[in-house]
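> In case it helps, our numbering puts the sequence shown at residues 2 to 150.
The beta-carbon is built from N, C-alpha and C at its ideal position, and this holds for glycine as well.
What follows is a single structure, and I will ask about it in a moment.
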Amino acid sequence: MRWGPKRLLRAAEDCSAMNTFGLLDTSVVIDLYQIDASLLPTEMGISTLTLAELSAGPHATNDARERADRQELLQRVEATFDPFPFDLAASRMYGRIAAAVLRQGRKPRGTRVVDLMIAATAASLNVPLYTRNPKDFLGLESIVGTVAV
């Protein structure tokens, strides 16, 4: 069964499915096949940004074994999910998130930008973001809900 936008949105329409779906941060996807399923939402989605990060992964190492492992993960994820795009709604939500980060005296640039864009995708879908790095999203609770995994 593939997880994607249509399946996740159907879950969102079912009131009994509240709190059973969410968007997975790249940090969760990397460890997805080792994480206890009870810690994950029943209905899962990912962003195209996560696929972008995973696509870069094999090229970011010189170790042949690690490169092969990263390529295998990318292929498994591509076969499992139909990702949500970073669309107009997510772009607008990113503006709100960037402003909130700036108000905290931090910069929404550099290595943080993709994480914040993934959070914006979750916020635009009105679903929680499941992450291994909840500290990356402190101060954004009024915009996007996060679940630490």
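Take L10 and list the residues in its own chain whose beta-carbon comes closer than 6 Å to its own, dropping the five residues that flank it on each side.
Taking the sequence shown and counting its residues from 1, one reaches residue 10 at position 9. Because the pLDDT at L10 is just 48, under 50, the model does not fix this residue reliably, and the value given afterwards should be weighed accordingly. Nothing listed; no residue qualifies.
> Among A149, L24, Q35, which one has its Cα closest to the Cα of P86?
Taking the sequence shown and counting its residues from 1, the one referred to as residue 86 is at position 85. The shortest C-alpha separation from P86 is found at L24.
> Pull up the CB-CB distance for V150 and Y131, whole angstroms please, since I reckon it's below 8 Å.
Within the sequence shown, numbered from 1, the residue matching residue 150 stands at position 149. Within the sequence shown, numbered from 1, the residue matching residue 131 stands at position 130. With 8 Å as the limit, V150 and Y131 qualify as a contact, their Cβ atoms being about 5 Å apart.
> If you follow the alpha helix (DSSP H) that F149 is part of, which residue opens it and which one closes it?
Residue 149 sits at position 148 when you count from the first residue of the sequence shown. In the sequence under discussion, the amino acid at residue 149 is Ala, which differs from the Phe named in the question. A149 -> not in any alpha helix (DSSP H); beta strand (DSSP E) instead, spanning 147-149.
> Among R104, D70, E44, which has the Cα closest to the Cα of D83?
If you number the sequence shown from 1, residue 83 lands on position 82. Taking only the C-alpha atoms, the option nearest D83 is E44.
> Could you give the uninterrupted runs of the beta strand (DSSP E) lying entirely in the segment 21-92, keeping only those of 3 residues or more?
Counting only runs of 3 or more, we get 22-25, 44-46.
> Classify T112 as buried or exposed, calling it buried when 16 or more other Cβ atoms lie within 10 Å of its own Cβ.
On the sequence shown, residue 112 is found 111 positions in, with the first residue counted as 1. Exposed is the call here.
> Identify the continuous alpha helix (DSSP H) that holds L126 and give its terminal residues.
Along the sequence shown, read from residue 1 onward, the residue named residue 126 stands at position 125. First-last of the alpha helix (DSSP H) with L126: 113-126.
> If I measure Cβ to Cβ from V78 and keep anything under 8 Å in the same chain, skipping five residues before and after, which residues do I get?
As a position in the sequence shown, residue 78 is number 77, starting the count at 1. Taken in chain order, the residues that qualify are V30, L33, I47, T51, L52, L55.
> Using alpha carbons as the reference points, say which of A120, L40, A91 lies closest to K136.
Taking the first residue of the sequence shown as 1, we reach residue 136 at position 135. Checking every option, the nearest Cα to that of K136 belongs to A120.
> What does the alpha-carbon distance come out to for the pair L40 and V128?
As a position in the sequence shown, residue 40 is number 39, starting the count at 1. As a position in the sequence shown, residue 128 is number 127, starting the count at 1. Going from the Cα of L40 to the Cα of V128 covers about 16 Å.
> Taking only beta-carbon atoms, is R133 less than 7 Å away from chain B?
In summary, chain B is missing from the structure at hand, where a single protein chain is found.
> Within the same chain, show all residues whose beta-carbon is closer than 8 Å to that of V115, passing over the 5 residues directly before and after it, in chain order.
Along the sequence shown, read from residue 1 onward, the residue named residue 115 stands at position 114. Same-chain partners within the cutoff: T27, L50, A53, E54.
> I'd like to know whether the C-beta atoms of P109 and A124 end up nearer to each other than 7 Å.
Against the sequence shown, residue 109 aligns to sequence position 108. Against the sequence shown, residue 124 aligns to sequence position 123. No, the Cβ-Cβ distance between P109 and A124 is not below 7 Å.
> To which residues of the same chain is L75 closer than 8 Å at the C-beta, ignoring the five residues directly before and after it?
The count along the sequence shown starts at 1 and reaches residue 75 at position 74. Excluding positions up to five away in sequence, the list reads L52, L55, S56, G58, P59.
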